[in-house]
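As they're listed, the protein sequences go chains A and B.
Mapping to this note's numbering: the first sequence position 51 is 51, numbers consecutive.
Mapping to this note's numbering: the second sequence position 189 is 350, numbers consecutive.
Ideal Cβ placement from N, Cα and C applies to all residues, glycine included.
Take a look at the structure set out below.
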Amino acid sequence: MLPHIGILVGDNIMIKKRNYVIASISALLFVVGYIIIKLFFSKVPTFSYTADWAVNHYFLFVWVPAILLAIFSLPYTSLALTIGCFVGIVLGDVIGQNIIDNKWHEINQLINNGIEVSAETLNRADYHNGVFIWLGTILICAVIGLLADILNKRRLRLNRN
Amino acid sequence: MSFLCKKVKFIENRESYIVLISSHRYMSGTQDNADIWRTTEGVNEVIPLYDLNYNIRAYYISFYPMGYAIINNNLENPVAIEFGDGDNGPIRDILEEATTLSRKAEAKIVYLGPSYSFDDTTRNFSRSQSSDSELTEDFGLEDMYAFLDSSNAAEKEIHTTARALALSNGDQSRGGSYDFIDWNSMPSGSYSSDWLPFSGTTWAVMSNYTGKTNPLSKKVVNDHCGATAATNLSLYFATQGYSNLKKNGSVNDTFYDLHNRTGNCPVLTIADSVSAYATSRGYTINNSSVSSYTTYKTAITNKRPCGILLTAAVNNWHWVVGVGYRQYSSGGNYVRVVTGWENSANNFYLWGSPATWSISQYWI
Chain A
1 MLPHIGILVG
11 DNIMIKKRNY
21 VIASISALLF
31 VVGYIIIKLF
41 FSKVPTFSYT
51 ADWAVNHYFL
61 FVWVPAILLA
71 IFSLPYTSLA
81 LTIGCFVGIV
91 LGDVIGQNII
101 DNKWHEINQL
111 INNGIEVSAE
121 TLNRADYHNG
131 VFIWLGTILI
141 CAVIGLLADI
151 LNKRRLRLNR
161 N
Chain B
162 MSFLCKKVKF
172 IENRESYIVL
182 ISSHRYMSGT
192 QDNADIWRTT
202 EGVNEVIPLY
212 DLNYNIRAYY
222 ISFYPMGYAI
232 INNNLENPVA
242 IEFGDGDNGP
252 IRDILEEATT
262 LSRKAEAKIV
272 YLGPSYSFDD
282 TTRNFSRSQS
292 SDSELTEDFG
302 LEDMYAFLDS
312 SNAAEKEIHT
322 TARALALSNG
332 DQSRGGSYDF
342 IDWNSMPSGS
352 YSSDWLPFSG
362 TTWAVMSNYT
372 GKTNPLSKKV
382 VNDHCGATAA
392 TNLSLYFATQ
402 GYSNLKKNGS
412 VNDTFYDLHN
422 RTGNCPVLTI
432 ADSVSAYATS
442 RGYTINNSSV
452 SSYTTYKTAI
462 TNKRPCGILL
472 TAAVNNWHWV
482 VGVGYRQYSS
492 GGNYVRVVTG
502 WENSANNFYL
512 WGSPATWSIS
522 QYWI
């Protein structure tokens, strides 16, 4: 019994250490990401929307659950949230601008064919979906991370048994 | 854009209309935020400018009381060769002399660049007596013409967009996910109505700022309906006697200050930005939420504009300013709004469609 308990306690300590390391990595990534985006990215035209918006709104405090989830033994979800945040910013800006370009291409084709386009359509063609793409990416990554954590816990339970 | 729209409707000549569109793009602060366009009130004339082979190389357009532009005659590259708040001296001299001699219609202006043009029908300017090859070499015409003849896809697309916007303004009809309805398309039937005394208000229009750099924040303006609505709220109060709310007497300056506070959308609230801006201008603007059509009508009756956040889909939000209402005896409740998409307060939407996220009334 004693060695078994000792191993269990030892495992828990290891896991707790790992969790804090992951929490620290997440925190560090957010801090470094904030600085880099604030200083450089938001001045780059391609990233002048989503990156700038995300930073100005402090990543909508996604870093809070990212850090807390790591501490409370959901490391994959934590990492997924962190990675999803930054991947989402890139996707948001790139895809968002792509969507705008495609909309204007369609509109120009309509106009060149003599078809009238409403003022609402013209104005909304410039609407950037970057923030929504960013949020969507975070959500998808969170779900993936959560699934990974559930599967990992199940695997650990099976190994102990 | 409203002067542009009016002039587009009255210019029969296709070339003149294209020249007007390009002029607006360059003169409305695109390059350096120096908005020359807002000082223009009308068009004096649009005159073709020729090259040494008697092809129309460009068009000269002059405005009253001030301003001019020279637009490349190439739809693949409709750039402004030059523009400013003054005039092109050599061209103005030629036109004045031709007018004095009652031969303005015959003048054929050869344009060799910003510093020199001559009337080819008289050739009485000393340099104009040089040979074509000498002029070509002296003024670097080969390089200049090569540039002007080239294709510029980005410029062409911007011009086409501007042309589309100019054509669409004022001809809005029902459609789109917000289902805004212009005055002329509203349902018939008896109704009661009221609106704010906004006569004389020049409204901020989103398309005038899209893609430009805010000189205060150095950020690119994009998705700025919140800032536009906040600006329009301030501009309304400015016409009600609180003139300092129109910063420097300029719609643009007011917009950029408010955009610096709100940032780009999505923004869920503009009340704090409006309040802070008003404080910075020496006023106190109060606000409170509006929860029903009855309360909204009361706000309008009390001459209080409303900032309204509409949502047509999860990723489709838009700020407008409520300036009136129309309530039909048959039951249709409509809100009269400034959409921010044109300089007009003559659009309506049906209360509840699109859905409203929030409404706040504002007063001083």
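- Residue 445 (chain B) and residue 525 (chain B) have their C-alpha atoms some 6 Å from each other.
- Taking the Cβ atoms as the reference, residue 246 (chain B) lies roughly 42 Å from residue 515 (chain B), outside the contact range of under 8 Å.
- When only Cα atoms are considered, residue 490 (chain B) and residue 457 (chain B) end up about 17 Å apart.
- A distance below 7 Å between beta-carbons, with the five flanking residues on each side excluded, links residue 93 (chain A) to the following residues of its chain, in chain order: 46, 47, 49, 50, 51 and 130.
- Scanning its chain for C-beta atoms nearer than 8 Å, with the 5 sequence neighbours on each side dropped, one finds around residue 408 (chain B) the residues 414, 415, 418 and 442, in chain order.
- Residue 368 (chain B) reaches chain A at 123, counting residues in chain order whose Cβ is nearer than 7 Å.
- Contacts between residue 427 (chain B) and chain A, judged by CB atoms closer than 9 Å, involve 53, 131 and 132 in chain order.
- Residue 392 (chain B): member of the alpha helix (DSSP H) spanning 386-399, first to last residue.
- Counting other Cβ atoms within 10 Å of its Cβ, residue 304 (chain B) stays below 16 and is therefore classed as exposed.
- If you ignore the 5 residues before and after residue 231 (chain B), its C-beta comes within less than 6 Å of the C-beta of 219, 221, 242 and 243, all in its own chain and listed in chain order.
- For the pair residue 71 (chain A) and residue 367 (chain B), the Cα-to-Cα distance works out to about 46 Å.
- Among the CB atoms of chain A, none fall inside 7 Å of the CB of residue 433 (chain B).
- By a beta-carbon distance limit of 8 Å, residue 461 (chain B) contacts residue 356 (chain B). Their separation comes to about 7 Å.
- Within the same chain, 211, 280, 281 and 282 come within 7 Å of residue 269 (chain B) by CB-CB distance, once the 5 residues on both sides are set aside.
- Nearest to residue 180 (chain B) by alpha-carbon distance, out of B:478, B:517, B:278 and B:238, is B:238.
- Here DSSP, grouped into helix, strand and coil, assigns residue 209 (chain B) to strand.
- In chain order, 381 make up the part of chain B whose C-beta sits under 9 Å from the C-beta of residue 45 (chain A).
- Beta-bridge partners of residue 381 (chain B) (DSSP): B:374.
- Remark: C-beta atoms of residue 273 (chain B) and residue 308 (chain B) do not approach each other more closely than 7 Å.
- If you draw a straight line from the Cα of residue 215 (chain B) to the Cα of residue 293 (chain B), it is about 12 Å long.
- The shortest C-alpha to C-alpha distance from residue 314 (chain B) to any of A:136, A:108, A:155 and A:139 is the one to A:108.
- Judged by DSSP in its simplified three-state form, residue 242 (chain B) adopts strand.
- For the segment 299-319 of chain B, the beta-carbon criterion of a distance under 7 Å to any beta-carbon of chain A is satisfied by 318.
- According to the DSSP assignment, residue 149 (chain A) belongs to the alpha helix (DSSP H) that extends over 130-160.
- Its Cα nearest to that of residue 338 (chain B), the residue A:118 stands out among A:87, A:36 and A:118.
- If you ignore the 5 residues before and after residue 365 (chain B), its C-beta comes within less than 6 Å of the C-beta of 389, 392, 393, 412 and 416, all in its own chain and listed in chain order.
- Nearest to residue 88 (chain A) by C-alpha distance, out of A:100, A:145, A:111 and A:133, is A:133.
- Looking at the backbone, the Cα of residue 351 (chain B) and that of residue 139 (chain A) are separated by about 50 Å.
- No Cβ of chain B is located within less than 7 Å of the beta carbon of residue 93 (chain A).
- Bounds of the alpha helix (DSSP H) holding residue 293 (chain B) are 293-299.
- Non-local C-beta neighbours of residue 95 (chain A) in its own chain, meaning closer than 8 Å and more than five positions away in sequence, comprise 129, 130 and 133, ordered along the chain.
- At a cut-off of 7 Å between C-beta atoms, residue 24 (chain A) does not count as an interface residue with respect to chain B.
- Not one beta carbon of chain A lies nearer than 7 Å to the beta carbon of residue 234 (chain B).
- If you look at residue 440 (chain B), you'll find it in the alpha helix (DSSP H) that goes 432-441.
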